[in-house]
Amino acid sequence: QQQVKQSPQSLIVQKGGISIINCAYENTAFDYFPWYQQFPGKGPALLIAIRPDVSEKKEGRFTISFNKSAKQFSLHIMDSQPGDSATYFCGGSQGNLIFGKGTKLSVKP
Amino acid sequence: DTEVTQTPKHLVMGMTNKKSLKCEQHMGHRAMYWYKQKAKKPPELMFVYSYEKLSINESVPSRFSPECPNSSLLNLHLHALQPEDSALYLCASSQDQKVQGGGGYTFGSGTRLTVV
Chain A
22 QQQVKQSPQS
32 LIVQKGGISI
42 INCAYENTAF
52 DYFPWYQQFP
62 GKGPALLIAI
72 RPDVSEKKEG
82 RFTISFNKSA
92 KQFSLHIMDS
102 QPGDSATYFC
112 GGSQGNLIFG
122 KGTKLSVKP
Chain B
24 DTEVTQTPKH
34 LVMGMTNKKS
44 LKCEQHMGHR
54 AMYWYKQKAK
64 KPPELMFVYS
74 YEKLSINESV
84 PSRFSPECPN
94 SSLLNLHLHA
104 LQPEDSALYL
114 CASSQDQKVQ
124 GGGGYTFGSG
134 TRLTVV
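Below, the structure is given as structure tokens:
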């Protein structure tokens, strides 16, 4: 059973554009929703996270929007840069972190 | 120190070999995790240690044997692996498994394991 569904699988954005990645979850017991960024050959690194009692969280160019009733959340990357090119994983946690399948983001110069 | 250190970075082993992966953190985290990641796939949880006790084993085959000697160290002992076990093995730690979201997970860079 896939508890966190992530889309799209891949995304190409022009430099300066907005990247949007979406996730939907099934487990209503999840109490923590992180986004991780992973570069090739590296482990995932926590980018930003949100708790279900908050509808939006912004850190620099990265924003999470959270819709509890729809059981969906999304990552927005503003002013996308080539250095943002990586694989992004959303997740859900109720003690153990479960990942979505990932989105490979390519930002073209 | 805000890192999780994994050794070795790369490992090639035969199907009859015994080897160990090591993970170390000095952040005072009391939960430690082993994840397995195949190419172009998300990390999959294998084991969870909470306060040095095994709290979760996600039905992992017995050829993988975890060990937590103390609060800073986590080992994964490997024996009689199969070629399909080739993957990136990631260690992670978090403040406390019972804290909301674990207090955030910190991942190591992983060990790239190849079974021949």
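Top line first, the protein sequences correspond to chains A and B.
Sequence positions in the first sequence follow my numbering and run 22 to 130.
Sequence positions in the second sequence follow my numbering and run 24 to 139.
For glycine and all other residues, C-beta sits at the position ideal for the given N, C-alpha and C.
If you draw a straight line from the C-alpha of residue i to the C-alpha of residue j, how long is it?
i: GLY123(A); j: SER31(A); result: 8 angstroms
i: GLN102(A); j: VAL83(B); result: 39 angstroms
i: LYS63(A); j: ASP74(A); result: 31 angstroms
i: GLY133(B); j: VAL25(A); result: 23 angstroms
i: GLU75(B); j: GLN35(A); result: 47 angstroms
i: SER90(A); j: ASP52(A); result: 14 angstroms
i: GLN29(B); j: ILE71(A); result: 28 angstroms
i: ILE119(A); j: GLN58(A); result: 15 angstroms
i: MET36(B); j: LEU136(B); result: 8 angstroms
i: MET69(B); j: ARG53(B); result: 17 angstroms
i: HIS33(B); j: LYS92(A); result: 39 angstroms
i: THR84(A); j: THR49(A); result: 22 angstroms
i: GLU90(B); j: MET55(B); result: 11 angstroms
i: TYR109(A); j: PHE130(B); result: 14 angstroms
i: LYS42(B); j: PHE54(A); result: 35 angstroms
i: PRO106(B); j: TYR72(B); result: 26 angstroms
i: SER116(B); j: GLN115(A); result: 15 angstroms
So residue i and residue j are supposed to be a Cβ contact under 8 angstroms. How far apart are they, rounded?
i: CYS114(B); j: LEU101(B); result: In fact, because the Cβ distance is near 14 angstroms, the residues do not count as touching under 8 angstroms.
i: LEU126(A); j: SER40(A); result: 6 angstroms
i: TYR112(B); j: LEU44(B); result: 6 angstroms
i: GLN60(B); j: VAL27(B); result: So it is not a contact: roughly 15 angstroms between Cβ atoms.
i: LEU104(B); j: VAL138(B); result: 5 angstroms
i: LYS129(A); j: ILE33(A); result: 6 angstroms
i: ASN88(A); j: ILE79(B); result: Not a contact, Cβ separation roughly 29 angstroms.
List, in order along the chain, the chain A residues whose C-beta lies closer than 9 angstroms to that of residue i?
i: GLY132(B); result: The sequence shown places Ser at residue 132(B), not Gly. Going along chain A in sequence order, the residues near SER132(B) (Cβ under 9 angstroms) are GLY62, LYS63 and GLY64.
i: GLY127(B); result: TYR53, PRO55, LEU67 and ALA70
i: PRO89(B); result: Chain A residues near PRO89(B): none, gap ~15 angstroms exceeds 9 angstroms.
i: VAL71(B); result: GLY116 and ASN117
Please list, in chain order, the chain A residues whose beta carbon lies closer than 8 angstroms to that of residue i.
i: LEU68(B); result: ASN117, LEU118 and ILE119
i: PRO84(B); result: Under the 8 angstroms cutoff, chain A gives no residues; its nearest Cβ is about 19 angstroms from PRO84(B).
Which residues, in order along the region 108-121 of chain B, keep a beta-carbon less than 9 angstroms from a beta-carbon of chain A? LEU111, LEU113, CYS114, ALA115, SER117, GLN120 and LYS121
Stretch pair the region 40-54 of chain A + the region 83-98 of chain A: three plus CB contacts closer than 8 angstroms: yes
Given a limit of 8 angstroms on CB to CB distance, which residues of the region 108-123 of chain A reach chain B? Going along the region 108-123 of chain A in chain order, one finds PHE110, SER114, GLY116, ASN117, LEU118, ILE119, PHE120, GLY121, LYS122 and GLY123 with a Cβ nearer than 8 angstroms to chain B.
Along the region 62-89 of chain A, what residues have a CB closer than 9 angstroms to any CB found in chain B? Listed by position along the chain: GLY62, LYS63, GLY64, PRO65, ALA66, LEU67, ALA70 and ARG72.
Quick one: which residues of the region 29-41 of chain B get their C-beta closer than 7 angstroms to a C-beta of chain A? List them in chain order. none
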